[in-house]
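Enquirer:
Residue numbers (my numbering), protein chains in the order written: chain A, 442 to 620; chain B, 442 to 620.
#1: So residue 606 (chain A) packs on residue 479 (chain B), CB below 8 angstroms; how close in whole Å?
#2: Run through chain A and tell me which residues come within less than 7 angstroms of residue 621 (chain B), C-beta to C-beta.
#3: Note down, in chain order, each residue of its chain lying with its Cβ closer than 8 angstroms to the Cβ of residue 468 (chain A), except the 5 sequence neighbours on either side.
#4: Identify which residue in B:541, B:559, B:580, B:575 has its Cα closest to the Cα of residue 502 (chain B).
#5: So residue 602 (chain A) contacts chain B; which residues on that side make the cut at Cβ distance below 8 angstroms?
#6: State the start and end residues of the unbroken beta strand (DSSP E) segment that holds residue 599 (chain B).
#7: What is the DSSP secondary structure of residue 504 (chain A), counted as helix, strand or coil?
#8: Quick check on residue 532 (chain B): does DSSP put it in helix, strand or coil?
#9: So, does the CB of residue 524 (chain A) fall closer than 8 angstroms to a CB anywhere in chain B?
#10: Is residue 466 (chain B) helix, strand or coil by DSSP?
#11: Counting only Cβ pairs nearer than 7 angstroms, list the residues of chain B close to residue 612 (chain A).
#12: So which residues of chain A does residue 574 (chain B) contact, with C-beta pairs closer than 8 angstroms?
#13: CB-CB under 7 angstroms to residue 453 (chain B), same chain, minus the five flanking residues each way: which ones, in chain order?
#14: Using the DSSP secondary-structure output, state which residues sit across from residue 581 (chain B) in a beta bridge.
#15: Relative to the C-alpha of residue 589 (chain A), which residue among A:513, A:571, A:472 is closest?
#16: Anyone know if the C-beta pair for residue 557 (chain A) and residue 520 (chain B) falls short of 8 angstroms?
#17: Specify whether the segment 481–493 of chain A and the segment 594–602 of chain A touch according to this definition: at least 3 beta carbon pairs, one from each stretch, less than 8 angstroms apart.
#18: Does DSSP put residue 519 (chain B) in a helix, in a strand, or in coil?
#19: Measuring alpha carbon to alpha carbon, tell me which of A:551, A:611, A:571 ends up nearest residue 592 (chain A).
#20: For residue 552 (chain A) and residue 561 (chain B), I'd like the C-alpha separation in whole angstroms.
#21: Assuming residue 534 (chain A) and residue 580 (chain A) are in contact, meaning their beta carbons sit under 8 angstroms apart, how far apart are those beta carbons, in whole angstroms?
#22: Which residues share a DSSP beta bridge with residue 513 (chain A)?
#23: Are any of the Cβ atoms in chain B nearer than 8 angstroms to that of residue 580 (chain A)?
#24: So is residue 614 (chain A) buried or exposed if we call it buried at 16+ other beta carbons inside 10 Å?
#25: So, for residue 563 (chain A): in the same chain, excluding its five sequence neighbours on each side, which residues have a beta-carbon less than 7 angstroms away from its beta-carbon?
#26: Near residue 466 (chain A), which residues of its chain fall below 6 angstroms by C-beta distance, leaving aside the five closest residues on each side in sequence?
#27: Measuring only the C-alpha atoms, how far is residue 443 (chain B) from residue 584 (chain B)?
#28: Whole angstroms are fine: how far does the CA of residue 464 (chain B) sit from the CA of residue 541 (chain A)?
#29: Would you call residue 587 (chain B) buried or exposed, if buried means 16 or more other Cβ atoms sit within 10 Å of its Cβ?
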């Protein structure tokens, strides 16, 4: 242990779900090779959540839980943090590596309905990329540590990207009907 | 030609940028293997834009341009579209495969400033995943065609995911100061 390593395997506590729930449907055919493009993990998210059962299901529930999270950015990528500041709202993109990738129709844990994957925010999808809005509460670019106001992923979840939130492009136009 | 194939190589018109602009800084060291995780392209986005110079830089500019786009979903993934409807607002996640992946500081085409990558929405980033809000204008799940109200990517851009937009988790809390 160097002190820079997680105290435990961050993936150890994950509940992988390899059994379908009633009414769920898998995509046809054998799984694809998932080699159309490759990703690099820029770091990990540290969170208080060690199991799917305790992890808040979204940002709203995470804010209610009142716990912060920390983006731990690997040294190579830290220069790209310059200029991010406390109070900034950002998108965090994650790779939800415990998720089932071959469900076409699924029955979410928190709902009784079977629904099509692209109508849900469930981690189970062909490319299990998580999209999480967060507000920066503290940042140390040199140490690669960004504290965020709420976290709805398991401890150790791989981080793919940080993007600024822009109301001008990230919110539907005013006067529209979605709610 | 079967009629299902694009009329031309969708990547042929891309302007890859392999030269740095003044003040730009690359990440240290050789490029990583980009093999921490793999992606499958679920389809392609058809757009009117064949070159970076003509492509709108974001949703706001795309709406001003007044052209629609089409998500073409490959047959395997079409069952996951069931229940999406005209008027729904969704996130489209893309893989911006012409982007430079190793810029830490960069000088955007539309700006004179050199800025850190994670403070920008530029396609150039370690994992060039694009995040695009769109409203569904027409949908044919069986044909795998979803027409969206605006498009800010080049024709043929690979599609990774479709997620519903939820104001409750995708907008900062009311009463906050970001604008």
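A virtual CB, placed ideally from N, CA and C, is assigned to each residue, including glycine.
Expert: According to the structure shown:
#1: Mapped onto the first chain, residue 606 (chain A) falls at position 165. Mapped onto the second chain, residue 479 (chain B) falls at position 38. Wrong, their Cβ atoms sit about 28 angstroms apart, outside the cutoff.
#2: Lying before the first or after the last residue shown, residue 621 (chain B) is absent from chain B, which here runs from 442 to 620.
#3: Here residue 468 (chain A) is taken as the residue at index 27 of the first chain, counted from 1. Once the five neighbours on either side are set aside, the close Cβ partners of residue 468 (chain A) are 543, 544, 545, 567.
#4: On the second chain, position 61 is the one that residue 502 (chain B) refers to. Among B:541, B:559, B:580, B:575, the Cα nearest to that of residue 502 (chain B) belongs to B:575.
#5: Position 161 of the first chain, counted from the first residue, corresponds to residue 602 (chain A). In chain order: 559, 566, 567, 568, 570.
#6: Counting from one through the second chain, the residue named residue 599 (chain B) turns up at place 158. That run of the beta strand (DSSP E) goes 598–605.
#7: Your numbering for residue 504 (chain A) matches position 63 in the first chain. For residue 504 (chain A), the three-state secondary structure derived from DSSP is helix.
#8: Locating residue 532 (chain B) in the second chain gives position 91, where the first residue counts as 1. Three-state result, residue 532 (chain B): strand.
#9: As a working mapping, residue 524 (chain A) is identified with position 83 in the first chain. Chain B places a beta carbon closer than 8 angstroms to that of residue 524 (chain A), counting this residue as a contact.
#10: Here residue 466 (chain B) refers to the residue found at position 25 of the second chain. The answer is strand: DSSP assigns residue 466 (chain B) an E or B state.
#11: Locating residue 612 (chain A) in the first chain gives position 171, counting from the first residue. By Cβ distance, chain B contributes 612.
#12: Position 133 of the second chain, counted from the start, is the residue given in the question as residue 574 (chain B). Around residue 574 (chain B), the beta-carbon contacts reaching into chain A at under 8 angstroms are 610, 611, 612, 613.
#13: Locating residue 453 (chain B) in the second chain gives position 12, counting from the first residue. Residue placement at residue 453 (chain B) is flagged as unreliable, the pLDDT there being 37, under the threshold of 50; a coordinate-derived value is accordingly withheld.
#14: Numbered from 1 along the second chain, position 140 holds the residue referred to as residue 581 (chain B). For residue 581 (chain B), which the question treats as bridged, DSSP gives the partners B:586.
#15: By one-based count along the first chain, residue 589 (chain A) stands at place 148. Comparing Cα-Cα distances from residue 589 (chain A) to each of A:513, A:571, A:472, the minimum goes to A:513.
#16: For the purposes of this step, residue 557 (chain A) is identified with residue 116 of the first chain, where counting begins at 1. For the purposes of this step, residue 520 (chain B) is identified with residue 79 of the second chain, where counting begins at 1. Contact: yes.
#17: They touch, by the three-pair rule.
#18: Taking the second chain and counting its residues from 1, the one referred to as residue 519 (chain B) is at position 78. In the displayed model, residue 519 (chain B) falls within a helix according to three-state DSSP.
#19: On the first chain, position 151 is the one that residue 592 (chain A) refers to. Closest by C-alpha distance to residue 592 (chain A), out of A:551, A:611, A:571, is A:571.
#20: Mapped onto the first chain, residue 552 (chain A) falls at position 111. Mapped onto the second chain, residue 561 (chain B) falls at position 120. Taken atom to atom, the span from the alpha-carbon of residue 552 (chain A) to that of residue 561 (chain B) is near 36 angstroms.
#21: To locate residue 534 (chain A), count along the first chain from 1; it is residue 93. To locate residue 580 (chain A), count along the first chain from 1; it is residue 139. Not a contact, Cβ separation roughly 18 angstroms.
#22: The residue you call residue 513 (chain A) lines up with position 72 of the first chain. BP columns for residue 513 (chain A) point to A:485, A:586.
#23: In the first chain, counting from the first residue as 1, residue 580 (chain A) sits at position 139. The C-beta of residue 580 (chain A) comes no closer than 8 angstroms to any C-beta of chain B.
#24: Looking up residue 614 (chain A) in the first chain gives position 173. Exposed, because fewer than 16 other Cβ atoms sit within 10 Å of the Cβ of residue 614 (chain A).
#25: As a working note, residue 563 (chain A) is residue 122 in the first chain. Same-chain partners within the cutoff: 547, 549.
#26: Stepping through the first chain from its first residue, residue 466 (chain A) is reached at position 25. Here residue 466 (chain A) has 545, 546 as same chain residues with Cβ atoms under 6 angstroms from its own Cβ, once five neighbours each way along the sequence are excluded.
#27: In the second chain, residue 443 (chain B) corresponds to position 2, counting from 1. In the second chain, residue 584 (chain B) corresponds to position 143, counting from 1. Interpretation of residue 443 (chain B) is limited by its pLDDT of 40, a score under 50 that renders its predicted location unreliable; no figure is taken from the coordinates.
#28: For the purposes of this step, residue 541 (chain A) is identified with residue 100 of the first chain, where counting begins at 1. For the purposes of this step, residue 464 (chain B) is identified with residue 23 of the second chain, where counting begins at 1. Whole-angstrom Cα-Cα distance: 43 angstroms.
#29: Here residue 587 (chain B) is taken as the residue at index 146 of the second chain, counted from 1. It counts as buried.
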